[in-house]
Each structure stands twice: as structure tokens, then as C-alpha cells.
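Some notes on the structure that comes next.
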Amino acid sequence: MKPAPFQYVAAESVEHAIALLTEHGPNAKLIAGGQSLVPMMNFRLARPDWLIDINRISNLAGIRVEGNTLRIGSMTRYADLEASDTVRRHAPLLGLILPHIAHAAIRNRGTVGGSVCHADPAAEMPVAMLALDAVFEVRGPVGTRRIAANDFFLGQMTTAIEADEILTAIDLPVARAEDAAGFSEFARRRGDFALASAAVVLRLAGDQLTDHVRIAVGGLSERPMRARGAEALLAGWNAEPALIERAAREAANEVDAGSDLHATESYRRHLVQTQVKLALTAALERTRLAGAKR
Amino acid sequence: MSGPKQHDVQFTVNGKTETVSVAPRTSLADALRESLGLTGTHIGCEHGVCGACTVLIEGKPMRSCLMFAVQAEGAAITTIEGIGEANAPHPLQRAFNECHGLHCGFCTPGMIVTLSAFLRENLKPTAADVREAISGNLCMCTGYQNIVKSALRAAELIEESKP
């Protein structure tokens, strides 16, 4: 199908984009990679009057380390994250999830900022952002705001960004040597959105888990979320298989899950239990291998 | 009622500079087909799932149905017509012919464009690598076996053609 007619303008700078958003009002939409927005427009689920293209704003893309922060520009494309040693070193979880995001041709155009602003509850990037304690830098007519990932994803394709604001960068705390990451998802076909996914980050002190335990899940309901009960169960303990089982069961019980034509609620709870267990096990396995190498 | 303003957009397609006048909602795929007559780029699903419309932009495979032509200002685009010609086929085109890598042919341009970029960076791929590379391109006829075979054969042909 073809999209409904719209007017097009390419923004030259962040300030220009904000001015255009203010001028054209709530029925204007920013387009980043367009890999989710254009399908929605073609299905006529989205009918913006104005499309404001931010692909020409060159300073919105880029990956750099500033002190203990990995700063990723909102227009950084998935393929550039995938190719980045800096990302692999400082945010290993992103390295694990990127191959699961759609297909190479989509990753060549899709952007990290576009994905988090689109906030598809089954997408991989928002789940990773929760597990990584991301902070989103958002600019609007009145200035810059910083929003923690926990306060960012409000509901089905809804974020804390206002209609006249633009996401400029994502800050991630750089991973420490004693951190371990894991990711697992269940999707019906390669590249599909997940029916259930789990991203975990664990911080260890020797053989023990510290209280820095992050378990984020997606694909289950209208937004990605943390499984805080499961996190609390693991914090400060030895990560033994029996405890991991218990944490996965706790996660499956505590999170919101819904039924739709793809899966029933109980099937989703079953899947998320499996994915949390797999992600935790993979993270711990990775630390053991790294430990053996040292 | 006057519709949205038309935009004149300039880009290169297969090395040739082209200017098209398009409405903002015209996809790059439609502009290539309708304005430039390059009908080798096929349009299947129009939401980025099937891969039939894949073209190279600055050498990278992308969905031409998920980009508006107006966004391609200044871009270097390669379509299937720029990959090879009847009298000078690309090794992939020879291999698809030799290994029966197509039935109806609808997915073939997208497959070959996608694989052309893949084989540039993967000189000795395994069957699993090829399957991953074409995981975003759907084929309803072949069951993929002969497409994978064709890609592996093309890698051999490229290797053999080296001095």
C-alpha cells in the first residue's frame, strides 16, 4: 500500500528540527531510519501531515566514550553499532542483541534512536536500554531533559518524549570488567519481533552476584519492563542453577503479559521463563569462560 | 485542492546522474520503476519484509520501499540493472542461471543485489552464512536450496576469476 499524502522537509540541525516540530504541531513526525515508521505509513496506521527528515543532521550520529559513559547519537545506525569495537567493549549486551534485530538491509538504515522512540514493545533495543540503565537526552523548545530508561517507556509505542521534542543521544554507563551480559529471545522466524525476550546484566564479585542485577523483558505486553522480583532474588547470592530456575519462575509470574493473535498469556509466561533462564545462564557462562582465560 | 509540493531530486543510479520530480510520498522503489523505467527492482510487500525491492545505497543493501525518493538526494544507488548485463553477467547471475536459483524470478533481483554486497565482504562463505545473508529475502518458489547453491557457486566463480 502507499502512504497518505504528506509534506516533506529536511531539517538542517537539531534546532531547525525543533522549530519545524513547533511550527507544524502534533501532526508532524520526525523520520529517522524509517524502518518502522514507513511500514506504519504504508498501512496508514500513521498519517502525518508533515514529515521532518533528520537524516541530514550529521552531528546526531556517532559513538564515543566520555569518562564512564558510552554516548551514542540517536541517529546512529544499527550497522554502525554492529561494526563498532567501542560498542562491543563498553556495552557487550548491544553486541549480543544486534544480530537479532530484523535483517542486515534493515540494520543498514534503521537507527537506535528511531527504535527507542518508536517503542515497539516487542523490539529488542528498548529491552536492552532498560537492562543497561540508559539515560535519554531529549531536546525541545525549552531546553534539554535527561530521562532514565525506567521512566521512558510509558506504553504501547508511547514514550516520555513530548511532540515538540527530539531524542539527541543515549548515554550508557560503560560495562565493568566484572559485568556479564546475556540475551535470549523467542521469535517465530529469524528477524521477527520477539514473542518473549530477556536481556540481563549481572555484576559479580568473585563467584557472587552483587546487588547490581538487571533483568529486562519484552514482547509480553504493551511495554518492556524490568523483572524486579527476580532481580531481588538473585542479588547478593551465588548464582546456582536452582536459584536461576527460581528467578526465571519469579520473572514469569511477576511481569505483565497479554494475549493476542500471536500467543496467549500463559504461553508468553512460559516463554519468558525460558528466555530469562537462557539469558542468565548465558551471562554466567560468559563470565566463567572469561575467568578461565584470565 | 493542490496536493503536497513536488520535489526535484537528483541522485546517481548505476553511475548515471538522474533527476526525478516526485511527490514526497513516492517511494524510492516507485521512482526507480515509474520515473526511470528501471523495473528490475520489484515491489512485493511494501513494508520491508520481503526484500524484493532491495537496492544498494552507497554500496549497502537497503529497502527501496522504506525510503522516500525525496530522501535519496545526492545518494549513489545501484539497482539490479547495474549489477550485470546480459552480455556481461555478474558471477551471481551466471550462478543463478547455472544452478537454477530461481523459478518465478520475482525475488531474484533482491536476492542478487543483497548477495552482491555480501560476497564482496565474504569471500568463502558457508551455506549457513548465505542463509543468514538472505534471511531478509523471501522466496515462495525454490525452498531456497538452489539459491544457497547459487550463492556458493558465485563465490567460487569470483575466486576462479582472480588472476
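As given, the protein sequences belong to chains A and B, one line each in that order.
Its first residue numbered 1, the first sequence is counted upward by one per residue in this note's numbering.
Its first residue numbered 1001, the second sequence is counted upward by one per residue in this note's numbering.
C-beta: ideal position from N, C-alpha, C; glycine also.
Short Cβ contact (7 Å threshold) for residue i with residue j
i, j, result
"leucine 1038 of chain B", "glutamate 1018 of chain B", "no"
"alanine 948 of chain B", "valine 1009 of chain B", "An answer regarding residue 948 of chain B cannot be provided, because it is not within the stretch 1001 to 1163 covered by chain B."
"alanine 1095 of chain B", "leucine 1157 of chain B", "yes"
"leucine 130 of chain A", "proline 224 of chain A", "yes"
"alanine 148 of chain A", "glutamine 275 of chain A", "no"
"aspartate 171 of chain A", "arginine 71 of chain A", "yes"
"asparagine 1146 of chain B", "histidine 1100 of chain B", "yes"
"threonine 1114 of chain B", "threonine 1054 of chain B", "yes"
"alanine 301 of chain A", "alanine 216 of chain A", "Residue 301 of chain A is absent from the structure shown; chain A starts at 1 and stops at 294."
"proline 1125 of chain B", "alanine 1154 of chain B", "no"
"alanine 119 of chain A", "methionine 157 of chain A", "yes"
"aspartate 33 of chain A", "serine 74 of chain A", "Note that residue 33 of chain A corresponds to glycine in the displayed sequence, not to aspartate. Cβ atoms of glycine 33 of chain A and serine 74 of chain A: not closer than 7 Å."
"alanine 79 of chain A", "arginine 107 of chain A", "yes"
"alanine 28 of chain A", "leucine 21 of chain A", "yes"
"proline 26 of chain A", "proline 1004 of chain B", "no"
"threonine 111 of chain A", "arginine 56 of chain A", "no"
"asparagine 288 of chain A", "glutamine 273 of chain A", "In the sequence as displayed, the identity of residue 288 of chain A is arginine instead of asparagine. Cβ distance not < 7 Å, so arginine 288 of chain A and glutamine 273 of chain A don't count as in contact."
"serine 1135 of chain B", "histidine 103 of chain A", "yes"
"phenylalanine 1118 of chain B", "alanine 1133 of chain B", "yes"
"methionine 125 of chain A", "glutamate 1046 of chain B", "no"
"isoleucine 1057 of chain B", "isoleucine 1083 of chain B", "no"
"alanine 175 of chain A", "proline 99 of chain A", "no"
"glutamate 1061 of chain B", "alanine 105 of chain A", "According to the sequence provided, residue 1061 of chain B is proline. The question's glutamate does not apply to it. It is a contact, given that the beta carbons lie within the stated cut-off."
"isoleucine 52 of chain A", "alanine 19 of chain A", "no"
"cysteine 117 of chain A", "leucine 60 of chain A", "no"
Residues near residue i in its chain [Cβ-Cβ closer than 8 Å; skip 5 each side]
i, result
"arginine 1175 of chain B", "Because residue 1175 of chain B is not part of the residues shown, which for chain B are 1001 to 1163, the question remains open."
"proline 1163 of chain B", "none"
"glutamine 1006 of chain B", "Ser1021, Val1022, Ala1023"
"alanine 283 of chain A", "Ala180, Ala181, Gly182, Val200, Val201, Leu202"
"alanine 205 of chain A", "Glu178"
"glycine 236 of chain A", "Gln208, Leu209, Thr210, Asp211"
"asparagine 1097 of chain B", "Pro1089"
Own chain residues within Cβ distance below 7 Å of residue i, not counting five before or after
i, result
"glutamate 1085 of chain B", "none"
"leucine 94 of chain A", "Leu81, Val87, Ala128"
"leucine 261 of chain A", "none"
"arginine 228 of chain A", "none"
"arginine 145 of chain A", "Val138"
"threonine 1079 of chain B", "Val1013, Asn1014, Leu1032, Leu1038, Gly1040, Thr1041, Val1055"
"methionine 1001 of chain B", "Residue placement at methionine 1001 of chain B is flagged as unreliable, the pLDDT there being 44, under the threshold of 50; a coordinate-derived value is accordingly withheld."
"asparagine 1122 of chain B", "Asp1129"
Beta-carbon proximity list for residue i, same chain, < 6 Å, skipping 5 on both sides
i, result
"glycine 1044 of chain B", "Cys1050, Ala1052"
"leucine 1028 of chain B", "Ser1064, Met1067, Ala1069, Ala1072"
"glycine 1048 of chain B", "Arg1063, Leu1066"
"threonine 86 of chain A", "Ile63"
"threonine 1026 of chain B", "Ala1069"
"proline 3 of chain A", "Met41, Asn42"
"threonine 69 of chain A", "Asp171"
"alanine 198 of chain A", "Ser184, Val217, Gln275, Val276, Ala279"
"arginine 294 of chain A", "Only weak support is given to the placement of arginine 294 of chain A: the predicted model assigns it a pLDDT of 46, under 50, and the value that follows is read from those uncertain coordinates. Taken in chain order, the list of residues that qualify is empty."
"threonine 1142 of chain B", "His1103"
"phenylalanine 193 of chain A", "Ala122"
"histidine 24 of chain A", "Trp50"
"serine 58 of chain A", "none"
Contact test: residue i Cβ vs the ligand ADP heavy atom, cutoff 6 Å
i, result
"leucine 1056 of chain B", "Although the ligand ADP was asked about, the structure shown includes no ligands whatsoever."
key: Segment contact flag, the stretch 252 to 267 of chain A with the stretch 213 to 223 of chain A, C-beta cutoff 8 Å, min 3 pairs   = yes
request  = Just list the beta strand (DSSP E) runs in the stretch 23 to 59 of chain A, keeping only unbroken ones of 3 residues or longer that don't cross its boundaries, in chain order.
outcome  = 28 to 31, 50 to 53
query = Are the stretch 134 to 146 of chain A and the stretch 196 to 216 of chain A in contact at 8 Å, needing three or more beta carbon pairs?
reply = no
task = Count the CB pairs spanning the stretch 160 to 171 of chain A and the stretch 179 to 190 of chain A that are closer than 8 Å, and state whether there are at least three.
result = no
key: Residues of the stretch 1042 to 1063 of chain B whose Cβ lies closer than 7 Å to any Cβ of chain A, in chain order   = Glu1046, His1047, Gly1048, Gly1051, Thr1054, Lys1060, Pro1061, Met1062, Arg1063
request  = Residues of the stretch 177 to 194 of chain A with a CB closer than 7 Å to any CB of chain B: list them in chain order, please.
outcome  = Arg190, Gly191
query = Which runs of the alpha helix (DSSP H) spanning at least 4 residues fall entirely within the stretch 118 to 167 of chain A, listed in chain order?
reply = 124 to 131
inquiry  = Which residues of the stretch 1136 to 1156 of chain B have a Cβ closer than 7 Å to any Cβ of chain A? Give them in chain order.
reply    = Gly1136
query = What residues in the stretch 69 to 89 of chain A have a beta carbon less than 9 Å from any beta carbon of chain B?
reply = Ala79
key: Residues in the stretch 1021 to 1041 of chain B having any Cβ partner in chain A nearer than 9 Å   = Ala1023, Pro1024, Arg1025, Thr1026, Ser1027, Asp1030
query = Using Cβ-Cβ distances below 7 Å, what residues of the stretch 1100 to 1118 of chain B are close to chain A?
reply = Thr1114
ask   = Is the stretch 31 to 40 of chain A touching the stretch 48 to 63 of chain A in the sense that three or more CB pairs, one from each, lie closer than 8 Å?
value = yes
request  = Closer than 9 Å, Cβ to Cβ, to anything on chain A: give me those residues from the stretch 1064 to 1091 of chain B, in chain order.
outcome  = Cys1065, Leu1066, Met1067, Phe1068, Val1070, Gln1071, Glu1073
key: Whole alpha helix (DSSP H) elements within the stretch 1025 to 1108 of chain B, 4-residue minimum   = 1091 to 1098
key: Near-chain B residues of the stretch 42 to 70 of chain A (beta-carbon distance less than 8 Å), N- to C-terminal order   = Asn42, Phe43, Leu51, Asp53, Asn55
task = Could you run through the stretch 201 to 231 of chain A and flag, in chain order, every residue whose CB is less than 8 Å away from some CB of chain B?
result = none
inquiry  = Give me the subset of the stretch 98 to 112 of chain A whose CB atoms are less than 8 Å from a CB atom of chain B, sorted by chain position.
reply    = Ala102, His103, Ala104, Ala105, Ile106, Asn108, Arg109
Residues, ordered as in the chain, of the stretch 116 to 130 of chain A that lie near chain B by beta-carbon distance below 8 Å = none
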